[in-house]
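Report on one structure; see the data block that follows.
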Amino acid sequence: MPNDEPSVSLTLSIWRDFVPSRTLALRLDEHPQLLDAESGLLEEVYTWRLREDAFAGIADDQTRLDLHDRLVRALDVAKPPDERRLGVLADFVSAAEAAVTAQSVSWTPIHGLSSDDQSTPIEFNALLALTVHLKWLLACFGNRPGMSVSIR
């Protein structure tokens, strides 16, 4: 799915295994494809478009690369859903929390926003904000079967 918003940095989606209540037929050409519980269909149940750089403020190149790999590469939408389960997201959250706790992340300005005093930009900790949001997602979806995550 193409991203029509150039300001969006990443799109995170939560998927669940879709099991149709009865067999469906998908007609792409003369030969319809039957879709049933074994077809591997997924249903998107949540989407979040992250506009800021999630890795902004991480000074150490190795830490930034490790966290990028744990999130973006490990949850790439091209991977099979069985490789993108919520446990992978939980592993990223643990690593991100360790980086925040170790004070490896600094605060960065939010682009496009400033306080009433134009000389003082509004700052935030991008990795901490992302981690808090992902912990909420894990709390919401973590105990449900057949859930997976993708990043695009």
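So the sequence shown is numbered by the numbering used here: it starts at 975 and just counts up by one.
All C-beta atoms in this analysis are idealised placements derived from N, C-alpha and C, irrespective of residue type, glycine included.
Reduced DSSP category for residue i - H, G, I as helix; E, B as strand; rest coil
{"i": "Trp1081", "result": "coil"}
{"i": "Leu984", "result": "strand"}
{"i": "Glu1071", "result": "helix"}
{"i": "Leu1000", "result": "strand"}
{"i": "Thr1105", "result": "helix"}
{"i": "Pro1095", "result": "strand"}
{"i": "Val993", "result": "coil"}
Any non-hydrogen atom of the ligand ADP closer than 7 Å to residue i Cβ
{"i": "Ser995", "result": "The model on display carries no ligand, and the ligand ADP is accordingly not part of it."}
Residue burial classification, residue i (beta-carbon count within 10 angstroms, cutoff 16)
{"i": "Thr1105", "result": "buried"}
{"i": "Leu998", "result": "exposed"}
Residue from the options with nearest C-alpha to residue i
{"i": "Leu1009", "options": "Phe992, Glu1018, Val1062 and Leu1024", "result": "Phe992"}
{"i": "Arg1025", "options": "Leu1063, Leu998 and Leu986", "result": "Leu986"}
{"i": "Leu945", "options": "Ser983, Gly1120 and Arg1126", "result": "Outside the displayed range of the chain (975 to 1126) lies residue 945, so it cannot be described from this structure."}
Residue i versus residue j: straight-line alpha-carbon distance, rounded
{"i": "Ala1028", "j": "Glu1004", "result": "46 Å"}
{"i": "Ser1078", "j": "Asp1034", "result": "7 Å"}
{"i": "Leu1000", "j": "Val1046", "result": "31 Å"}
{"i": "Asp1040", "j": "Arg996", "result": "43 Å"}
{"i": "Phe1115", "j": "Thr1021", "result": "13 Å"}
Pick out the complete beta strand (DSSP E) segments inside the stretch 995–1052, 3 residues or longer, and give them in chain order.
Whole beta strand (DSSP E) segments, 3+ residues: 998–1000, 1007–1009 and 1016–1024.
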